[in-house]
Structures are given as C-alpha cells and as structure tokens.
Amino acid sequence: MKRLDGKVAVVTGAAQGIGAAYAIGLAAQGAKVVVADIADTASVVAQIAAQGGRAIGCKVDVTNNESLNAMVSQTEALFGPIEILINNAAIFATLALKPFTQITEDEWDLVMRVNVRGPFQCAKAIVPSMRKNGRGKIINIASGTFLRGAPMFCHYVSSKGAIVGQTRALAAELGADNILVNCILVGLTESEGVKEHKQLGAAKAPTLAARLIKREMVPEDLLGTLYYLASADSDFITGQCVNVDGGAINY
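Using the working numbering, the first residue of the sequence shown is number 26, and each one after it goes up by one.
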C-alpha cells in the first residue's frame with residue numbers, strides 16, 4: 026500500500042518546475058491529484074496518467090474566489106473531499122533582483138497578492154472540504170531566503186516571511202478540526218525558472234559553498250519532506266517549518 030492511497034490532493038502552481046514535481050510525486054504515492062495552475066497543466070496530467078496515476082488539470086487563479094470554488098466543486102464531484110493542499114503557486118522566477126528602492130508599489134502589491142493572499146484564499150476555499158473529511162493537511166511553501174534575509178529581493182523575501190506567519194496562525198485556528206498546517210522552507214533549487222533566471226546564476230556558487238551536502242538541489246530533494254507532511258506520519262505535527270536546503274542554514 027502506498028503512503029497516500031485514496032487521498033485527494035491539490036497542488037497549486039503545478040504546471041511546471043517544483044510544483045510539477047510535487048504533483049507527480051504525490052500521484053506516485055497513490056494520491057488523486059488536482060494539478061492547479063493559471064498555465065496549461067496538460068503535460069503534467071499526461072505524465073501522471075502515463076505512470077498509472079490519477080489526476081485532473083484545473084485552470085485556477087489563486088487570487089480569485091470564483092475560480093477556486095469552481096475547482097473545489099469539480100474536485101469533489103470527481104474525487105471526493107480534499108484532504109491535502111500544497112500552497113505552491115507564487116511569483117518568483119519572473120522577478121528581477123533590484124534594490125528595494127527600485128521596487129515599485131505595484132510590483133510589491135502583485136507579489137503580496139499572489140504569494141501571500143493566494144495561499145490564504147486557497148485555504149479559505151478548501152478548508153470546508155477538509156472539514157467534510159474530518160481531517161486535512163495544508164503544506165505551505167516558503168523559502169530559505171527568509172531565514173537569511175536575501176538582499177535585492179525584498180518583496181519576495183517579505184512574502185515568504187508572511188507565509189511562515191500564516192502557517193502558524195492557521196495551525197492555531199484549525200487544530201481543533203484536525204487540519205494540520207506546516208511549511209517547507211525551500212533552498213535554491215534547480216527548477217526551470219531558476220535555470221532560466223540570468224541574475225540567480227551568481228547566487229549558486231556561494232549557496233553551494235554554504236551547503237553541507239555539496240551538490241545542487243533538485244526538485245526531487247523536496248519530495249521526502251512533502252510525503253512526510255502530507256501523510257499520517259506527521260499526524261502530531263502542526264505549525265512547524267522544515268528547512269530543506271542541504272544544510273546551508275541551521276534552523
């Protein structure tokens with residue numbers, strides 16, 4: 026029996042990169058997966074099907090309640106109530122590194138709307154479905170940039186710090202419902218977005234030098250922690266952050 030057999034999982038921002046790895050991995054562990062993204066999800070859904078898994082793709086704007094509610098209704102009709110939410114959707118790879126004095130208020134607001142308000146709205150939309158199950162796992166995705174206060178990325182770093190706070194606040198509110206809320210702090214990972222980001226190349230050498238595990242981090246390095254937090258193995262853990270970065274930062 027697989028660790029997540031029969032579980033229904035939603036992964037936002039799952040059309041590519043780390044989100045796609047999450048979706049494919051959860052399906053491999055037996056979950057019925059909703060591949061949610063504003064971009065085309067067909068490729069990821071096809072990969073899951075080719076491996077014998079079950080998945081549907083949903084075009085979802087995480088900042089639009091109508092879009093989120095439609096996804097929940099479709100999911101419940103096809104798979105049943107949702108038990109796992111991976112709040113992965115965020116603006117990251119399209120952001121240019123720049124001094125905070127050059128970040129416009131409109132850019133700041135966009136990052137906060139997607140990276141902070143998005144997970145908040147996703148939780149609001151999906152928690153009623155989890156309550157039908159009598160249990161749930163919300164896994165928020167933050168970043169190691171919050172731990173070290175990475176420069177030239179003030180809006181992104183601030184948004185991921187807010188996710189840590191949101192994780193703790195939701196855990197406190199939802200514990201009585203047996204809905205557990207935890208967070209993964211992700212180190213610099215060789216996703217498509219990072220590989221294509223010209224400015225991030227300069228960060229790779231010092232990041233690798235700081236790691237105790239001397240190699241590049243790939244999306245699959247996050248899957249063991251994801252499975253643990255999504256499964257019954259972590260049924261007495263909530264409000265916590267797990268730092269996955271090869272030992273670069275002690276936390």
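In this text, a Cβ means the ideal position worked out from N, Cα and C, and glycines have one as well.
Quick caveat: nothing in here was measured; it's all calculated off a predicted structure.
In three-state DSSP terms, what is residue i?
i: T214; result: strand
i: D258; result: helix
i: T126; result: helix
i: T37; result: strand
i: I164; result: strand
i: K27; result: coil
i: A235; result: helix
i: K57; result: strand
i: R156; result: helix
i: A80; result: strand
i: D270; result: coil
i: M177; result: coil
i: D65; result: coil
For residue i, does the count of other Cβ atoms within 10 angstroms reach 16, so buried, or fall short, so exposed?
i: K162; result: buried
i: Y276; result: exposed
i: M155; result: buried
i: M242; result: buried
i: F117; result: buried
i: G44; result: buried
i: P144; result: buried
i: G190; result: exposed
Of the residues the options, which one's Cα is nearest the Cα of residue i?
i: V70; options: L51, T88, D86 and V87; result: L51
i: Q54; options: L254, G42 and I166; result: L254
i: V152; options: T126, I128 and V206; result: V206
i: I274; options: T250, D258 and A175; result: A175
i: I49; options: I63, M26, N165 and I111; result: I111
Cβ contact (3+ pairs, closer than 8 Å) linking the segment 139-154 and the segment 181-200: With the cut-off at 8 Å, the segment 139-154 and the segment 181-200 touch.
message: Pairs of beta-carbons, one from the segment 231-241 and one from the segment 191-206, closer than 8 Å: are there three or more?
response: Contact between the segment 231-241 and the segment 191-206 is absent, because fewer than three Cβ pairs lie under 8 Å.
message: Would the segment 54-61 count as touching the segment 30-42 if we require 3 or more Cβ pairs under 8 Å?
response: The answer is yes - the segment 30-42 touches the segment 54-61, with three or more Cβ pairs under 8 Å.
Meets three-Cβ-pair contact criterion under 8 Å: the segment 157-172 and the segment 100-117: Segments in contact, yes.
- prompt: Hey, is the segment 116-128 in contact with the segment 89-98, meaning 3+ C-beta pairs nearer than 8 Å?
  reply: No, the segment 116-128 does not touch the segment 89-98.
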